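S.K.:
Residue numbers (our numbering): 1 to 151.
Set out below in structure tokens:
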């Protein structure tokens with residue numbers, strides 16, 4: 001009597017092949033996860049920059065509204081931190097990020113009869129992630145006015 005041995009079909013994966021495939025997936029997966037983490041950090045920083053630009057724009061609008069058209073008298077040259085203009089609203093930007101707002105006015109001559117004032121509104125804050133570093137965003141506008149020349 002003869003015993004027939006059925007040949008086994010070897011179409012499966014070995015343990016070594018499964019381990020190598022798992023290792024490759026882990027390496028690729030960690031790279032993809034790193035991209036998502038960096039994208040989130042950049043998104044948060046972009047939101048902070050947008051918030052800083054909005055504060056600067058608001059301060060610039062307050063400055064222009066307060067001048068009432070008399071730029072020469074209202075805007076003195078130098079660095080300023082007037083509380084009426086430079087006070088950030090209470091919130092996470094001011095408290096958590098130590099945000100501060102200031103503005104600088106520079107005057108320069110455009111031509112013989114025209115002067116201009118450069119106004120730069122500066123917002124500074126501290127980023128804490130991934131490392132603690134100071135950030136600065138500024139919004140600049142140039143206002144020109146005619147100076148009446150009397151002989």
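Yeah, the Cβ is synthetic: ideal placement off N, Cα and C, and Gly gets one too. As the structure is a computational prediction, the values presented were derived from the model and not from experiment.
With distance defined between alpha-carbon atoms, name the residue in 51, 104, 76 nearest to residue 94.
M.R.: The residue with the shortest Cα to Cα distance from residue 94 is 51.
S.K.: Where in the segment 75 to 133 do unbroken runs of the beta strand (DSSP E), each at least 3 residues long, occur, reported from the N-terminal end onward?
M.R.: The segment 75 to 133 contains these whole beta strand (DSSP E) runs: 78 to 80, 100 to 109, 114 to 127.
S.K.: In whole angstroms, give me the CA-to-CA distance for residue 132 and residue 53.
M.R.: Near 21 Å, if we compare the C-alpha coordinates of residue 53 and residue 132.
S.K.: Are there 16 or more other CB atoms within 10 angstroms of the CB of residue 91, so buried, or fewer, so exposed?
M.R.: Per the 10 Å Cβ criterion, exposed.
S.K.: For the alpha helix (DSSP H) holding residue 12, just list the boundary residues, first then last.
M.R.: Premise fails: residue 12 is in no alpha helix (DSSP H) and is neither H nor E.
S.K.: Would a C-beta distance cut-off of 8 Å place residue 88 and residue 75 closer than the cut-off?
M.R.: No, these two residues do not count as a Cβ contact at 8 Å.
S.K.: Would residue 121 pass as a contact of residue 65 if the rule is Cβ separation under 8 Å?
M.R.: No, these two residues do not count as a Cβ contact at 8 Å.
S.K.: Just list the residues that DSSP pairs residue 137 with in beta bridges.
M.R.: Paired residues: 123.
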